[in-house]
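Under the numbering used here, the sequence shown has 942 at position 79, and the numbering climbs by one with no breaks.
Below: one structure, written as structure tokens.
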Amino acid sequence: MSDPPRLQLDAITYRYPASDWQLEGVCLAVGAGELLAIIGPNGSGKSTLLRLAAGVLAPDSGRVLLGGRDLGRLSRREIARSLGYLPQQVRSDFDYTVEEVVALGRFPHLSGAGFLTAGDQAVVDRCLAEAEIAAHRQRPLSHLSGGERQRVFLASVLAQEPRVLLLDEPTAALDLHHQVRFFGLVRRLVRQEIGVAVVTHDINLASLYCDRVALLRGGRLVEHGPPGAVLRSDVLHATYGQDVLLSRHPATGRPIVLPAVEAEDANVRLETGTRDSEIEHA
């Protein structure tokens, strides 16, 4: 008998109080060693879905299963030992050092005394290095840039040693180099059999690095599958209301999505060496 998915959302429905909007009947799973991208327009329910998956919100109907166990029946400590969640906004208005913030990720594993063991410290050191933030370990968090803080928070979540990792727009504050380094790190985690779900607005990063893409619109899951099956011009136009051009990455062959340029805009030119036959215009 095969192992259950690391994380499973079974017909999840959720409505915010005093709102007509709702997330409706979403079914998704994240397996061991898999990277799932969740994309969609603003207000489509991506962050809400991740908060439900993390147990921050409780669904009105349906279930979230963590390793085959009902998330609603687990304590916060039990959840934190298996699931790491990095939201869009994390409080940073305190003067803990970088190392102290990362060490907080060990809390679910600490004994009653609450002190870090040598093993805990080794995990903290490793996560500082993996997130490429070790050089700043003694600096106050408040002295770092937004992108540097994001890497600190990632290191803290990694220090939980989760089997499932949920990331909400983790590269939004990162430059191009650190976006690539970040997804390289996530792929290494995936090779360690961690299941990862990432919410992102960067369709091309989702295409290049993720195994599957889930596309949300208006609180519903409208497409789900490999990047090449989901990232189609007709689907993207229907979802975003935007004409797009589709090309292929020259090294990987995965879809690359560009906004279509209005023909009457004489100040903009699309300059590529790509043949017309290799570009699909919605």
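Glycine residues also receive a C-beta, built at the ideal position from the N, C-alpha and C atoms.
Residue i by DSSP, collapsed to three states: which one?
i	result
I1057	coil
R878	strand
G925	strand
P1118	strand
P1003	strand
H1112	coil
I1066	helix
D1106	coil
Y1072	helix
E941	helix
Counting C-beta neighbours from all protein chains within 10 Å, is the total for residue i 16 or more, i.e. buried, or is it exposed?
i	result
C1073	buried
S1140	Any answer about S1140 is weak, because its pLDDT of 44 lies below 50 and its placement is not dependable; what the coordinates show is given next. Exposed: under 16 other Cβ atoms inside 10 Å.
R1012	buried
C890	exposed
G906	exposed
T980	exposed
H1144	In this prediction, H1144 has a pLDDT of 48, which is less than 50 and means its spatial position is unreliable; nothing more can be read from the coordinates.
T1160	Because the chain here runs from 864 to 1145, residue 1160 falls outside it and cannot be looked at.
G1047	exposed
G982	exposed
L1039	exposed
Y1103	buried
Between residue i and residue j, is the Cβ-Cβ spacing less than 8 angstroms?
i	j	result
A1077	L1068	no
R926	D873	yes
L886	G1088	no
V893	G1058	yes
L991	A985	no
G930	P971	no
P1033	L949	yes
D877	L920	The sequence given here has Tyr at residue 877, not Asp. In this structure, L920 lies closer than 8 angstroms to Y877 by Cβ.
S1096	L1109	yes
Sorry if obvious, but does the Cβ on residue i come closer than 7 angstroms to a heavy atom of the ligand SAM?
i	result
Y959	Judged by which ligands are present, the structure shown has none, so any question about the ligand SAM falls away.
Near residue i, what residues of its chain come up, given a Cβ to Cβ distance below 6 angstroms and the 5 sequence neighbours on each side ignored?
i	result
D956	none
V994	The question names Val, but residue 994 is Ala in the sequence shown. If we look at A994 and ignore the five residues flanking it on each side, its Cβ neighbours are R1014, L1017, A1018.
R1138	Note that R1138 scores 46 on pLDDT, short of 50, meaning its location in the model is unreliable; the coordinates nonetheless yield the value given after this. The answer is none, since no qualifying residue turns up.
L934	G918, V927
Compute the beta-carbon to beta-carbon distance between residue i and residue j, rounded to the nearest angstrom, for a pair I have assumed lies under 8 angstroms.
i	j	result
L1030	V1062	7 angstroms
R1000	E962	4 angstroms
I1066	I942	So it is not a contact: roughly 30 angstroms between Cβ atoms.
V1098	P1122	Going by Cβ atoms, the distance from V1098 to P1122 rounds to 15 angstroms, so no, they are not a contact pair.
Which same chain residues, not among the five before or five after residue i, have their C-beta less than 8 angstroms away from its C-beta?
i	result
S1005	S955, D956, F957, D958
Using a Cβ-Cβ cutoff of less than 7 angstroms, which residues in the same chain neighbour residue i once the five nearest sequence positions on both sides are dropped?
i	result
D1009	Residue identity differs from the one stated: residue 1009 is Gly in this sequence, not Asp. These residues qualify, in order along the chain: A1036.
V987	E962, V965, A966, R969, A1022
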